[in-house]
Structure formats: structure tokens, C-alpha cells
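As C-alpha cells, the structure follows; a few thoughts come after it.
In my numbering, the protein residues as written are 56 to 149.
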């Protein structure tokens, strides 16, 4: 069953700041997550409001997302350079 991807406003702003090749890869990753929200290489990240997941993009970027398996929704929360995203992980609100 395909999931629906919902994009948070912060995610959209962060995505616009990334280089275009990374933006394209992020969009392709979100499309892939619709069919499989737990792809090979994903990791669990503890946030302050439940479980978040991380999937790497290229070498230095990542997407942080949450999954609602009952409603079949993937919530794209953060995107950007891994070091910056990890510093903000405790501030993320779902």
C-alpha cells in the first residue's frame, strides 16, 4: 500500500536552500518512501516526541521523517546537511 507524504513548512524552506542535484535526489527519495517507508539504510533517530527516522541523501545530507502506519502517512520533517539536522533533532516537533 502506498503512503502519502506530507511536507512540513520547515522542510520545504530547507529544501529550497539545497543545491539542485540534492533537491532532485530528495524528491526521488520521498517518492521511494511512499512505497517503502523503511528502506535499506534507514535509521531510527530518537526525537523529543516519539520516533523519527533518517535516510541519507548523497554523502553529507539526510531526510528526517516520521511514519504514521495507521493513516499511511509519511511526515517529512527536516532535510539538510547531516551535521545541521542532528543539532536540531531535539527541537523537532511533530
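We put the CB at the ideal spot given by N, CA and C, even for glycine. From a predicted model like this one, the values you see are computed outputs, not experimental measurements.
Might you give, ordered along the chain, the residues of its own chain that have their beta carbon closer than 7 Å to the beta carbon of residue 65, omitting 5 neighbours on each side?
Cβ-Cβ distances below 7 Å link residue 65 to 133 in the same chain, with the five nearest sequence neighbours on each side left out; the list follows chain order.
Length of the line joining the Cα atoms of residue 96 and residue 107
Each residue's Cα considered, the two are about 14 Å apart.
From residue 110 to residue 98, what distance separates their C-alpha atoms?
For residue 110 and residue 98, the gap between their C-alpha atoms comes out near 7 Å.
Just grab the DSSP bridge partners of residue 96 for me.
Answer is none; residue 96 lacks a bridge partner.
As assigned by DSSP and simplified to three states, the class of residue 63
If DSSP states are grouped into helix, strand and coil, residue 63 belongs with coil.
Which stretch, first to last residue, makes up the alpha helix (DSSP H) that contains residue 120?
Element bounds for residue 120: not the alpha helix (DSSP H) but the beta strand (DSSP E), 116–123.
Could you tell me the distance, in whole angstroms, from the CA atom of residue 61 to the CA atom of residue 142?
Distance between the alpha carbons of residue 61 and residue 142 is about 23 Å.
Is residue 140 close to chain B, meaning its C-beta is less than 7 Å from at least one C-beta of that chain?
No chain B appears in the structure shown, which is made up of a single protein chain.
Kindly list the residues whose CB is nearer than 8 Å to the CB of residue 73, restricted to its own chain and excluding five residues on each side of it in sequence; keep chain order.
So the qualifying residues of the chain are 81, 116, 134, 135.
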